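As they're listed, the protein sequences go chains A and B.
Everything in the first sequence is counted per this note's numbering, starting at -3 for the first residue and increasing by one.
Everything in the second sequence is counted per this note's numbering, starting at 2 for the first residue and increasing by one.
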Amino acid sequence: MPQTLLAILGLGLTSLVAFNQQRASTQSYEAMIKNEFELAATGALMHVMEFIGARSFDERATPGGVRSANALPVGANDFVAISGFGAQDRGSLGCDLLAPRNTPDCDDIDDTHGINWQPITARLSDGRTLPFEVSVRVDYVTDDSLRVPSTTPTTHKRVVLTARTPYLPQYPQIAQVERVFSYDPNYTESSYESVYGPILE
Amino acid sequence: MNILYDHLISVLIGAAVILILATTQMRTSQASVEQVTSYSAKMKALSFGSWIEDDVVRLGQNFGRNRYRFEQPVVDARLNTTNFTFFADSIQTSGDSLRLFTSYRLVPTMTVTRDGQERQLYRIERFVSQARVLGGNVVPGTQTAWRHDGYSVSTLSFFRVEMLRRDGTTTNSVVETDYLTISFGMVPEWDIRAGYIRELFWTTTLKIRPFWAPVQV
């Protein structure tokens, strides 16, 4: 009888070791998959970020905004308040994060604020794709640190992009990138001139 | 024989324990190999990505308003970019310019079978050349022969360079290009399991020079 009990105990302990190994192996495998998604998501977010940065700094700095005011913005007071961020002037089509041409009214950086888990696709080879969902947050940040949010307009906007994937629903986010864009009068002027011709002094 | 029959249960349990421990050991080894190969592939992908970013940031350097700073990428039937050549000028102490040519060439290497489908793997090789520049143009006869500069990455599953306008649409025109999207897939050096390959996907989109001459959205 004691031998049987010892044998059962030995078998139980061995099963426990096997179970723990299996669990560690599964966790490690999941971490590797997440790693691969992170790498792909970061690249997709970089693409989105570049095309957010390709838009004008503010509605007032768009070619149309400059034309309406008949002058380039001269400082932070010319820019829209935080309450004007988001859907206020991005039009009914919303914002196409990969191809701005499809949503011409989403023409400045803060128009993308508040986009919540918009689907985007990263293209692989042979027609394969990876789906991601992206959220966008835009803040004014102070001149000093470029990290502290400001409640009043400044000449710097921080864009924070967060991605998740439906393939890994257990992770609320798998990648996040942020960048600060600063107002550039030369860029604003050349954008205006590419549409309306030279600004007459 | 009697001894075996007397201890039949012990023998069975001992065999089960040995079997479980052997399987556990085998799986642990396999998981370790998988972790190492995955990690090395990721490091290789990040290093190659960083090398591409360095090159793209320098693309068109000292070219001023000249927007012909790379040649249209050559694409094969699988939409891989097989040749991508770009330029940057280096201003020398004398004030003369030297045009630095860089070329990525995609070389097919081996095929692997995955899910019953054959997949081609590639190697990227980086070649460089240089030529004297006078008045913004290359002086004929001064371009050196292309030479392999040592940079090379293998086990790519695809490599693609796309040209984009500022509005995110693709273009085939070099002079209309404001952004380049470069993507590649990287597979580990070693097979992990038969008929199965891991693949890391890397992509970046970068604004290229001239930075200050945007076109209309």
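All residues carry an ideal CB built from backbone N, CA and C; glycine is no exception.
Being a predicted model, the structure only gives us computed values, none of them experimental.
Please confirm whether residue i has its beta-carbon closer than 8 Å to some beta-carbon of chain B.
| i | result |
| --- | --- |
| A/H109 | no |
| A/F47 | yes |
| A/G6 | yes |
| A/K153 | no |
| A/Q(-1) | yes |
| A/T10 | yes |
| A/E174 | no |
| A/N31 | yes |
List, in order along the chain, the chain A residues whose C-beta lies closer than 9 Å to that of residue i?
| i | result |
| --- | --- |
| B/D77 | Within 9 Å Cβ-Cβ: nothing; B/D77 doesn't reach chain A, min ~12 Å. |
| B/G28 | The question names Gly, yet the displayed sequence has Arg at residue 28 of chain B. A14, Q17, Q18 and S21, listed in chain order. |
With DSSP collapsed to three states, give me the class of residue i.
| i | result |
| --- | --- |
| B/G186 | strand |
| A/H152 | strand |
| A/G167 | Strictly speaking, residue 167 of chain A in this sequence is Tyr, with Gly absent from that position. Coil. |
| B/Q118 | strand |
| B/L22 | helix |
| B/E219 | Missing from the structure shown is residue 219 of chain B; chain B here goes from 2 to 218 and no further. |
| B/V34 | helix |
| B/W147 | coil |
| A/S52 | strand |
| A/I195 | coil |
| A/V13 | helix |
| A/P96 | helix |
| A/T0 | helix |
| B/L178 | Before going further, note that residue 178 of chain B is Thr rather than Leu in the sequence given. Reduced to three states, the DSSP call for B/T178 is coil. |
| B/I92 | strand |
| A/T58 | coil |
| A/D104 | strand |
| B/V140 | coil |
What does residue i touch in chain A if you count any residue whose Cβ is under 8 Å from its own?
| i | result |
| --- | --- |
| B/D168 | A50, A95, P96 and R97 |
| B/R66 | Correct list: empty, because the minimum Cβ distance to chain A is about 12 Å. |
| B/W203 | L35, A36 and G39 |
| B/T172 | Those within 8 Å of B/T172 in chain A number zero; the least Cβ separation is about 11 Å. |
| B/V18 | G6, L7 and T10 |
| B/K45 | Per Cβ cutoff of 8 Å: no residues; B/K45 is ~12 Å from chain A at best. |
| B/T24 | A14 |
Looking at the strands, I want to know which residues DSSP matches up with residue i.
| i | result |
| --- | --- |
| A/R175 | A/V155 |
| B/I125 | B/L107 and B/V154 |
| A/E129 | A/P115 and A/R160 |
| B/F71 | B/F87 |
| B/A132 | B/R100 |
| A/R19 | DSSP, once it has assigned bridges, lists no residue as partnering A/R19. |
| B/W203 | B/F185 |
| B/T171 | B/L165 |
| A/V137 | A/P145 |
| B/T82 | B/V76 |
| A/T38 | Answer is none; A/T38 lacks a bridge partner. |
| B/T112 | B/Q121 |
| A/N73 | DSSP lists no partner for A/N73. |
Compute the distance between the beta-carbons of residue i and residue j, then report whether it is under 8 Å.
| i | j | result |
| --- | --- | --- |
| B/W128 | B/L157 | One detail in the question is off: residue 128 of chain B reads as Phe in this sequence, not Trp. No, they are not a contact pair. |
| A/I48 | A/T117 | no |
| B/L122 | B/V113 | yes |
| A/T99 | A/G90 | yes |
| B/A46 | B/L201 | yes |
| A/T150 | A/V137 | yes |
| B/R70 | B/F87 | yes |
| A/Q17 | B/R28 | yes |
| A/R56 | A/F75 | yes |
| B/V162 | B/P74 | yes |
| A/T158 | A/F33 | no |
| A/V13 | B/T25 | yes |
| A/T58 | A/D104 | yes |
| B/D90 | B/Q62 | yes |
What residues of chain A sit near residue i, judged by a beta carbon separation below 7 Å?
| i | result |
| --- | --- |
| B/G186 | L120 and S121 |
| B/F159 | S121 |
| B/R210 | The contacting residues do not exist; B/R210 stays about 14 Å from chain A at best. |
Quick one: which chain B residues come within Cβ less than 8 Å of residue i?
| i | result |
| --- | --- |
| A/L68 | Simply none; closest approach about 15 Å. |
| A/L126 | F202 |
| A/H43 | T182, T204, T205 and T206 |
For residue i, go through chain B and note every residue whose CB falls closer than 9 Å to its CB, in chain order.
| i | result |
| --- | --- |
| A/E55 | Here the premise fails: no neighbours, minimum Cβ distance about 13 Å. |
With 8 Å as the threshold, decide whether the Cβ of residue i is near any Cβ in chain A.
| i | result |
| --- | --- |
| B/V140 | no |
| B/S39 | yes |
| B/Y6 | no |
| B/Q217 | With a pLDDT of 44 at B/Q217, under the threshold of 50, the modelled position of that residue is not reliable, and no figure is offered here. |
| B/G117 | no |
| B/I21 | yes |
| B/T83 | no |
Taking C-beta pairs closer than 7 Å, name the residues in chain B that residue i reaches, listed in chain order.
| i | result |
| --- | --- |
| A/A3 | I10, S11 and I14 |
| A/D24 | According to the sequence provided, residue 24 of chain A is Ser. The question's Asp does not apply to it. By Cβ distance, chain B contributes A32 and Q36. |
Quick check: does the Cβ of residue i come within less than 7 Å of any heavy atom belonging to the ligand MG?
| i | result |
| --- | --- |
| B/A146 | With respect to the ligand MG, the structure offers nothing, as it holds no ligand at all. |
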